[in-house]
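Participant: Chains as they are written, first to last, in this note's numbering: chain P, 28 to 363; chain F, 28 to 363; chain D, 28 to 363; chain R, 28 to 363.
First, the structure itself, so that you have it in front of you.
There are 4 protein chains.
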Amino acid sequence: MLTIGVIGYGYWGPKVVRNFSSIPGASVATVCDVEQAALYQVRKNYTGVSVTRDCDEILNSTEIDAVAVVTPVSTHYDIAKKALLNGKHVFIEKPFTASSEQGEELIEIAEKKNLTIMVDHTFLFTGAVRKIKQLIEEDVLGELYYFDSIRINLGLFQKDVNVIWDLAPHDLSIMNYLIGKKPVAVAATGISHFNDDIENVAYITLYFSGNLIAHFNISWLSPVKIRTTLIGGDKKMVVWNDLVADEKIRVYDRGIDGHGITREKMHNIRKNYRTGDMWCPRVDDMEALKCEAEYFVECVDKGKKPINDGAAGLEVVTMLEAAVKSLKMGGPVIYL
Amino acid sequence: MLTIGVIGYGYWGPKVVRNFSSIPGASVATVCDVEQAALYQVRKNYTGVSVTRDCDEILNSTEIDAVAVVTPVSTHYDIAKKALLNGKHVFIEKPFTASSEQGEELIEIAEKKNLTIMVDHTFLFTGAVRKIKQLIEEDVLGELYYFDSIRINLGLFQKDVNVIWDLAPHDLSIMNYLIGKKPVAVAATGISHFNDDIENVAYITLYFSGNLIAHFNISWLSPVKIRTTLIGGDKKMVVWNDLVADEKIRVYDRGIDGHGITREKMHNIRKNYRTGDMWCPRVDDMEALKCEAEYFVECVDKGKKPINDGAAGLEVVTMLEAAVKSLKMGGPVIYL
Amino acid sequence: MLTIGVIGYGYWGPKVVRNFSSIPGASVATVCDVEQAALYQVRKNYTGVSVTRDCDEILNSTEIDAVAVVTPVSTHYDIAKKALLNGKHVFIEKPFTASSEQGEELIEIAEKKNLTIMVDHTFLFTGAVRKIKQLIEEDVLGELYYFDSIRINLGLFQKDVNVIWDLAPHDLSIMNYLIGKKPVAVAATGISHFNDDIENVAYITLYFSGNLIAHFNISWLSPVKIRTTLIGGDKKMVVWNDLVADEKIRVYDRGIDGHGITREKMHNIRKNYRTGDMWCPRVDDMEALKCEAEYFVECVDKGKKPINDGAAGLEVVTMLEAAVKSLKMGGPVIYL
Amino acid sequence: MLTIGVIGYGYWGPKVVRNFSSIPGASVATVCDVEQAALYQVRKNYTGVSVTRDCDEILNSTEIDAVAVVTPVSTHYDIAKKALLNGKHVFIEKPFTASSEQGEELIEIAEKKNLTIMVDHTFLFTGAVRKIKQLIEEDVLGELYYFDSIRINLGLFQKDVNVIWDLAPHDLSIMNYLIGKKPVAVAATGISHFNDDIENVAYITLYFSGNLIAHFNISWLSPVKIRTTLIGGDKKMVVWNDLVADEKIRVYDRGIDGHGITREKMHNIRKNYRTGDMWCPRVDDMEALKCEAEYFVECVDKGKKPINDGAAGLEVVTMLEAAVKSLKMGGPVIYL
């Protein structure tokens, strides 16, 4: 039985507590938050869980095996470092850390102490992402051409991080997982509309070696909510609309095989398009965070390296840093 | 009666001939194309129109008042220059010219000879664009924050121009017309997937002075066709979906007034969102090219400066050049 | 403070308990269910609520002011009758009773004892229905022509009632509330596909005096879920799609004024159609059952006659009976 | 070469002429209409076609092999009878005739004279219907449970026929073709909103032997256009939306196998639902009327019995008569 302390009980914390409480193999012992109202909610809903306003009670507890860090990113490093140094496994909100240096240090400590870090890239555990991963691994899509994501809505303006640090971790972690290879460069543009330096609209392009490009359109200032990702391969293409209840994933038997086609032939290529069937595979609708919680317990128990380990979290942080650097410079390529 | 010669009868030429034939005040006298099959179609459908494979018959004709240039962009400059020098008004396909120098020279000749150049930015004459223009002019949207366009499909790969030169003229001309002010800089990214230097996927960001940003996502390699533009203002926001038969334009009474809001207040700004009604104004569904043809006749007759004159066409060409330059360099800002 | 006992804690009971627990002016004292597992859930979630497997503990309690009857319809009459005879107000699931005779008797008892009966026609308290009611009351739609509803999905097959008794109470109660006048006759068709006499697909037509018709398409056997209602008036028409998160209600400025039009003119009437704007009014998204719970407390406190009182529930039961009678006879009109 | 005379050049006639002109094996010799403006259009568009205002010129012509009757239904019988008696094959608009007696007589004459009657049930030749037919024939859907169609819009009010005679021939002919067995009874309801006896909203239920039911919702008075048909089988279910450009047909791997399920088991049947993949087969987008024209030529040439012969047209007329009879009586079952 993995005994867990949860630090932070704002928007996401209650979901973390609920899921770790509901699975076999784990129990939540203590929840920490600075707000009394939050702790009141914990006591009301979970009779066996103790509460505290002092996170050291969790970090220093000898009974707690793992700490879930569900606090603003600026605090991740300090809390996670202390947890690791005290021998505790760490389940930590995305983005992993506020800088790549911080991430590297945490990974180093965890390795030395043989502890598990799992970065909460929840989307990796959705039925949709797992289904797309399967399609890619089984070579249904073929060689990938592009990954094009839109994640916009009339969203909560964060006060400490811009829209890139807020929204892009979702898409970057999904992309990294699905594509399975690292981009070589990033270029980003964007703007802050409200007289500060916290961009609320941004566009990121990632270049890979070979024929692959990725692009992300993220915004807190859209009148409509859109969460759509297009993934094009030379065999088939996927459109993933995360906002519909059913039929989230559409697999199109459409494409073009451009290998070896000369420019002259290209002009008439429309005739060579495949425009075949479309297919919506059934997608598992189990709660993603529950799958992830179970996976955390499994990784800790078996000493297994998570797909969303510290290194995966660090990759995302490195991209975020480079994207923001490019954006601040007006869009030039930054090599990773 | 404006007597028109049409050069080029491929995909778009038949529409130009049909529309100029159908309006009062204009008649199509001659159509030129190098393909006999095209000329056969003309003869079959239009009894009073003569045909030729030699465009000089049109360019040198003393009976022809205006020339419609519906040929590949690489030929625009030579044909239009000769037409203008021979005293003919010019209706010319987008993009205006293959370079800004060419465009500048054509404008200069037209001005000297007091002739009209109209660049065929057809979308400006759709009911949707005219309705959005009206919403902006009547200050329904308020101060503009962003212009975000997606124009993707499984499209015809051009052999001589990339996806930017092929698709972006639509969106750039629409943006210029709607926003009514010039961008100061452009940054673009993109890729060619098929072993040549003709990019088939591209992303363009345009920076304006003040709080405004524009972005364009264009692709020939999407399994689905999307033509959606979001325009956000501080009063209202518009979503224009050009692919639906009805309800192309949605006006959302949603937004956020960020003027003077401090960073601390920003965090809780969600509560200040307006999330009011949505409204689909009725959009005129008259054929855009027909409106434009009538407008061409009117501009020539009355010596009126078109909204889509040579200068408007040149602005688009200048942006295309800068966008491609940025793309080839990996995305840095190019000042306009 | 209204003290409430809840009988039945299956699918809907937990929602009733949660809502009555969350509003000021009411408290849930006791919950009854025959399943121990259900009572375990109550104890886990509500510390101050007592539980029982014997509903007489609630019905005979001197501390309980009102009883919520959340049991199968076959039990409604017995439970509600005992509650009323014991001086308790009754909040009762739809459909009100298993027969109109039962409903009449309950209404009579309640009147004699000056008690409130509220039938849980939850939809009346949704933002969507309240908005449409407002549009009708303010004569935005004009004189009503038709009410056409589809409520189909791959649904739970009930073992004791057919699809009419299961699904139609929603639509009939909505129709009665919105239209505000009684139909004069009903005709229904339908089928049972599974070798019993419990119809799983049915169609109901209701005739009103004057120019109004209503139709209901209900099914447990559709591969897709549809909940759409069209309401046509001579001024405007409404399409209500209850399954979308936003823009549930669309008001179309479309229609036809046929008053006094002769048959000869009718033929060319298309030209007289209004095809104006479409408008999505903002709809309040407060939980309907919570509004209804507050309204129940208010009605009891102030002796106010609910819009969804016993008489409203009885009207629905009367229509259900007549619809099933028509269906069993093959579809003839049954006068109400 | 089949020489064709076309009688009627209103809304549909031009399409008939265009398609019979475009296929090998047929030529349109003469077009008849009472309106000079219509004949002017014919002359303008078809140089080799003669025109007349007197249909006897066609009916008595010795050079014409077949007559296309594209006139109002009230004239079908007289024109088609004369054509058949004069030895001409007949291609005739839906509905076949104004009464079943007329239809029977025409069939009898055609049989005696060994002539082909084809009723223009155009929808049977769409890619969508042919694909669904294939799915049914290959037993993809399994045993059919229901056929549920909606065909509503803000439509042209006809002056001589009600909405049943106007719209239902489409759906009834499609249903007959797809299901391949005859209904045993019909019940219909509906209303006229405009002070005449021409119903503009109607609902039709058809009963078949066994487990199958069909329902049709047709209206000229809907603010939105809907053309959707659900076809449920015990293996799979189809949703056909005829108004979308792509993905017209969705095949759902959903359903329920109720054979032999007892009532007690039925209650928990939700767990037995299959909710598998959805699949959009590619649908041929060739113009339906062109396919049908080619098929007419083929049937005449080879003496082949069309799927849409006089008997198929008569079946539809018989159902229309019975449906209207039921409607006028208030909805009772009429046996066929």
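We put the beta carbon where it would ideally sit given N, CA and C, even for glycine.
The structure displayed is predicted, hence computed values, not measured ones.
Under 8 Å by Cβ, that's how I've got F:D341 and F:S127 pegged, so tell me the actual separation to the nearest angstrom.
Facilitator: Per the sequence presented here, residue 341 of chain F reads as Leu, with Asp not at that position. So it is a contact: roughly 6 Å between Cβ atoms.
Participant: Interface residues of chain R around D:T98 at Cβ under 8 Å?
Facilitator: Ordered by position in chain R, no residue passes the 8 Å Cβ test against D:T98, which lies about 15 Å from the chain.
Participant: Would you please verify whether the beta carbon of F:L363 is less than 8 Å from any beta carbon of chain P?
Facilitator: With 8 Å as the cut-off, F:L363 does not count as an interface residue toward chain P.
Participant: With distances taken Cα to Cα, identify the nearest neighbour of R:P308 among P:I50, P:E84 and P:D280.
Facilitator: P:D280
Participant: So for D:K352, helix, strand or coil by DSSP?
Facilitator: Three-state DSSP puts D:K352 in a helix.
Participant: Verify the CB distance criterion: does R:G114 have a CB-CB separation below 8 Å to chain D?
Facilitator: no
Participant: Mapping DSSP to helix, strand and coil, what is D:A110?
Facilitator: Residue state, collapsed to three classes: helix.
Participant: Any Cβ of chain D within less than 8 Å of the Cβ of F:R157?
Facilitator: no
Participant: Which chain D residues sit within Cβ distance under 9 Å of F:D365?
Facilitator: Chain F is shown only over 28 to 363; residue 365 of chain F falls outside these bounds and no answer can be derived.
Participant: Just verifying my parser: in three-state terms, what is the DSSP assignment at D:K252?
Facilitator: strand
Participant: DSSP on D:C59, reduced to helix/strand/coil?
Facilitator: strand
Participant: Can you find a C-beta in chain P that's less than 8 Å from the C-beta of R:G337?
Facilitator: Interface flag for R:G337 against chain P is unset, since no Cβ pair is found closer than 8 Å.
Participant: What residue from D:K355, D:V278 and D:I206 has the CA that sits closest to F:D304's CA?
Facilitator: D:V278
Participant: Which chain F residues are close to D:D304, counting only those with a beta carbon under 7 Å from its beta carbon?
Facilitator: W306, C307, P308 and R309
Participant: Using 7 Å as the cut-off, classify the Cβ of F:W247 as near or not near the heavy atoms of the ligand GTP, replying yes or no.
Facilitator: What this structure holds is no ligand at all, so the ligand GTP is not there to describe.
Participant: Return the CA-CA distance between F:N87 and R:R45, expressed in angstroms with no decimal places.
Facilitator: Between the alpha carbons of F:N87 and R:R45 lies a gap of roughly 38 Å.
Participant: Since D:I50 contacts D:A320 with CB under 8 Å, what's their CB separation in whole angstroms?
Facilitator: 5 Å
Participant: For F:N87, which of helix, strand or coil comes out of DSSP?
Facilitator: Looking at F:N87 - three-state DSSP - the assignment turns out to be coil, as it is neither helix nor strand.
Participant: Tell me which same chain residues have a C-beta within less than 7 Å of the C-beta of R:S101, skipping the five on either side of it?
Facilitator: Correct list, in chain order: A125 and D187.
Participant: Specify the secondary structure class of F:S236 as computed by DSSP and reduced to three states.
Facilitator: coil
Participant: If you count every other CB in all the chains shown that lies within 10 Å of the CB of R:R178, and 16 or more means buried, which is it?
Facilitator: buried
Participant: Within the same chain, show all residues whose beta-carbon is closer than 6 Å to that of P:S77, passing over the 5 residues directly before and after it, in chain order.
Facilitator: T57
Participant: Nearest-angstrom Cα distance between R:K263 and P:W267?
Facilitator: 24 Å
Participant: Based on Cα-Cα distance, which residue from D:D311, D:S176 and D:N180 lies nearest to D:L205?
Facilitator: D:S176
Participant: In this structure, what does DSSP give as the bridge partners for P:Y230?
Facilitator: P:T216 and P:N244
Participant: Check F:W39 in the structure and name its three-state DSSP category.
Facilitator: coil
Participant: When burial is assigned at 16 or more other CB atoms within 10 Å of the CB, is R:V61 buried or exposed?
Facilitator: exposed
Participant: Taking the alpha carbon of P:A95 as the reference point, which residue from P:V324, P:A339 and P:K332 has its own alpha carbon closest?
Facilitator: P:V324
Participant: For chain R, is any of its Cβ atoms less than 8 Å away from the one on P:E164?
Facilitator: no
Participant: Pick from R:N180, R:E135, R:I134 and R:D198: whose alpha carbon is nearest that of R:F150?
Facilitator: Ranking the options by Cα distance to R:F150, first place goes to R:D198.
Participant: State the DSSP-derived secondary structure class of D:I334, mapped to helix, strand or coil.
Facilitator: coil
Participant: Classify D:N189 as helix, strand or coil using the three-state DSSP reduction.
Facilitator: Correct three-state label for D:N189: coil.
Participant: Which residue from D:S219, D:I245, D:S246 and D:V97 puts its Cα closest to that of R:F235?
Facilitator: Closest by C-alpha distance to R:F235, out of D:S219, D:I245, D:S246 and D:V97, is D:S219.
Participant: Looking at C-beta atoms only, is the number of pairs between the segment 342 to 353 of chain F and the segment 115 to 124 of chain D that lie closer than 8 Å three or more?
Facilitator: No: the two stretches stay apart, fewer than three of their Cβ pairs being nearer than 8 Å.
Participant: Beta carbon of P:I225, beta carbon of P:A215: below 8 Å?
Facilitator: Going by C-beta atoms, P:I225 is not nearer than 8 Å to P:A215.
Participant: Please compile the residues from chain B whose C-beta is within a distance smaller than 7 Å of the C-beta of D:A214.
Facilitator: The chain labelled as chain B is not found among the protein chains of the depicted structure, namely P, F, D and R.
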